[in-house]
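This report refers to the structure that appears directly beneath it.
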Amino acid sequence: MSDPIVTTIEPAALPADRSVLQAVLRGLRGRCPACGEGRVLRGYLTATPACSACGEGYAHLSADDMPPWLTIMVVGHIVVPLLLLVEQAWHPAMWLQMAIWPAVTVALLLLLLPRSKGAVLGLLWATGAEAREERSEP
Ligand SMILES: [Zn+2]
């Protein structure tokens, strides 16, 4: 009789001293996920190459499409119920709704997009999920 085959799968090692929740919350506030003091973004959406307080860099992290996707999802879940609620309650004129809702949507998108990017950079940094692009040279 043979012994059963036992396979152990080790989870990927997370950076030991990085709290995912803390890093995401700091990124959401626009702060450096590592120290919470410096800024995670330089300008509107560019990841800072080095935090002004601790020197941690985020420019090598690739958030890709997740910040806009997250922003659209959140804004959609805010604007659509509000629109329906206002329509049900007050029936405002169509021209008024056509003036208000696109402006509210764009304002929320512009407000939340950098926060989403900061949160995603915090998540990537805390989990050690760094972009690995493999390019073949011609
Ligand atoms: Zn920092």
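Its first residue numbered 141, the sequence shown is counted upward by one per residue in this note's numbering. Glycine included, each C-beta is placed from N, C-alpha and C at the ideal position. This one's a predicted model, so the numbers in the text were calculated from it and none came from an experiment.
Report task. Reducing DSSP to helix, strand and coil, say where Thr-245 ends up. Result -> On the sequence shown, position 105 is the one that residue 245 refers to. Reduced to three states, the DSSP call for Thr-245 is helix.
Query - Pocket of ligand 1 defined by Cβ to heavy atom distance under 6 Å - result: Sorted by chain position, residues whose beta-carbon lies closer than 6 Å to a non-hydrogen atom of ligand 1 are Cys-172, Ala-174, Cys-175, Glu-177, Gly-178, Cys-191, Ala-193, Cys-194, Glu-196.
Query raised in the report: Can at least three beta-carbon pairs, one atom from the segment 257-273 and one from the segment 199-219, be found at a separation below 8 Å?
Result: Because the criterion of three Cβ pairs below 8 Å is met, the segment 257-273 and the segment 199-219 touch.
**Report entry** Inter-residue CB distance, Ala-193 and Cys-175 (contact presumed, cutoff 8 Å)
**Finding:** Sequence index remark: in the sequence shown, residue 193 carries index 53 (1-based). Sequence index remark: in the sequence shown, residue 175 carries index 35 (1-based). Sure, about 5 Å apart at Cβ, within 8 Å.
**Report entry** Three-state secondary structure (DSSP) of Leu-181
**Finding:** Within the sequence shown, numbered from 1, the residue matching residue 181 stands at position 41. Correct three-state label for Leu-181: strand.
Query raised in the report: DSSP three-state call for Arg-255: helix, strand or coil?
Result: Locating residue 255 in the sequence shown gives position 115, where the first residue counts as 1. Residue state, collapsed to three classes: helix.
**Report entry** Whether Leu-185 touches Leu-253 by CB criterion (8 Å)
**Finding:** Here the question's residue 185 lines up with position 45 in the sequence shown. Here the question's residue 253 lines up with position 113 in the sequence shown. Their beta carbons are under 8 Å apart, which means Leu-185 touches Leu-253 by this criterion.
Query raised in the report: Quick one: Cα of Leu-236 to Cα of Val-160, how far?
Result: Counting from one through the sequence shown, the residue named residue 236 turns up at place 96. Counting from one through the sequence shown, the residue named residue 160 turns up at place 20. The straight-line gap from Cα to Cα measures roughly 43 Å.
Query raised in the report: Is the beta carbon of Gly-170 sitting closer than 8 Å to the one on Arg-182?
Result: Working through the sequence shown from its first residue, we reach residue 170 at position 30. Working through the sequence shown from its first residue, we reach residue 182 at position 42. Their beta carbons are not under 8 Å apart, which means Gly-170 does not touch Arg-182 by this criterion.
Report task. Return the residue from the list Ile-212, Met-234, Cys-172 that minimises the CA-CA distance to Ala-259. Result -> Counted from its first residue, the sequence shown places residue 259 at position 119. It is Cys-172 whose Cα lies nearest to the Cα of Ala-259.
Query raised in the report: Does ligand 3 have even one heavy atom less than 7 Å from the beta-carbon of Val-160?
Result: Among the ligands present in this structure, namely ligand 1, ligand 3 is not found.
Query - Alpha-carbon to alpha-carbon, Ala-239 and Ser-256 - result: Here residue 256 corresponds to residue number 116 of the sequence shown, with the count starting at 1. Here residue 239 corresponds to residue number 99 of the sequence shown, with the count starting at 1. One C-alpha to the other measures close to 26 Å.
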